[in-house]
Every structure is written in C-alpha cells, then in structure tokens.
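**Q** Anchor point for the sequence shown: position 49 equals 103 in our numbering, and the numbering is continuous, going up by one each time.
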Amino acid sequence: QKLGQEPCSLERYAEISGAQAAWGQSGADVTANLKKVFNLRAVDISNLGAYWSTRFASDPNLSLKFGDLLQKYEEKYGGAGQDDDLEA
55 QKLGQEPCSL ERYAEISGAQ AAWGQSGADV TANLKKVFNL RAVDISNLGA YWSTRFASDP
115 NLSLKFGDLL QKYEEKYGGA GQDDDLEA
C-alpha cells in the first residue's frame, strides 16, 4: 500500500497527539480544543492517525522518536500552569 505524501510532519502529529492526551487527562473538551488550537476535526485526527500508525508499523525508529516527541508535547499542554487556579 502506497501511503502518499505526509499529511503533516511527525513533530506536528506528536504535538497534536500530546495535546489531545493532556487535554483528555485534564478533563478539557478535546474536540473543541482541537478545533480552536489546531483547526482540526475528529475526521482529520482519524486520517492523521491512519497515516502515521502505518508508518510506525514499518519503522520502529520512527515510532521511538514519536514517543519522545509525544512526551514533550504532553508536558507542554498539560504541565505548566495546570494548577494555577488552585489556592495556596
């Protein structure tokens, strides 16, 4: 199966995936945030996932790189400032 051109860079896919994971863990509205921050719909995310999961299956090193990037972006979107609204 020929995949065709990358729909987005690996780094961009990791950022989107990391943001999704962080928002999901925090209870935020993932669908609304995807639209607001990345201008993406659920079907867009599905298409990106289909492309990249096929690439990861054929290239374990790419999958490892994605894991590192994913962690970076989960921290970016979920870490800093998450507890700013809590009273000291």
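The beta-carbon is built from N, C-alpha and C at its ideal position, and this holds for glycine as well.
Because the structure is a prediction, the values reported are computed rather than measured.
1. Output needed for Trp77: all residues of its chain with C-beta closer than 7 Å, excluding positions within five of it in sequence on either side, in chain order.
2. Which residue comes first and which comes last in the alpha helix (DSSP H) that contains Arg66?
3. Looking at Leu123 and Leu64, is the spacing between their C-beta atoms short of 9 Å?
4. Can you tell me whether Ser80 is buried or exposed, with buried defined as 16 or more other CB within 10 angstroms of its CB?
5. Any idea what DSSP makes of Glu60, helix, strand or coil?
**A** The structure says:
1. Here residue 77 corresponds to residue number 23 of the sequence shown, with the count starting at 1. Here the set comprises Val84, Asn87 and Tyr131.
2. Taking the first residue of the sequence shown as position 1, residue 66 is located at position 12. From DSSP, the alpha helix (DSSP H) with Arg66 extends over Leu64 to Ser80.
3. Looking up residue 64 in the sequence shown gives position 10. Looking up residue 123 in the sequence shown gives position 69. The Cβ atoms of Leu64 and Leu123 lie closer than 9 Å to each other.
4. Taking the first residue of the sequence shown as position 1, residue 80 is located at position 26. Answer is exposed; the Cβ neighbour count stays below 16.
5. In the sequence shown, counting from the first residue as 1, residue 60 sits at position 6. Look at Glu60 here: in three-state DSSP terms it is coil, with no helix or strand label.
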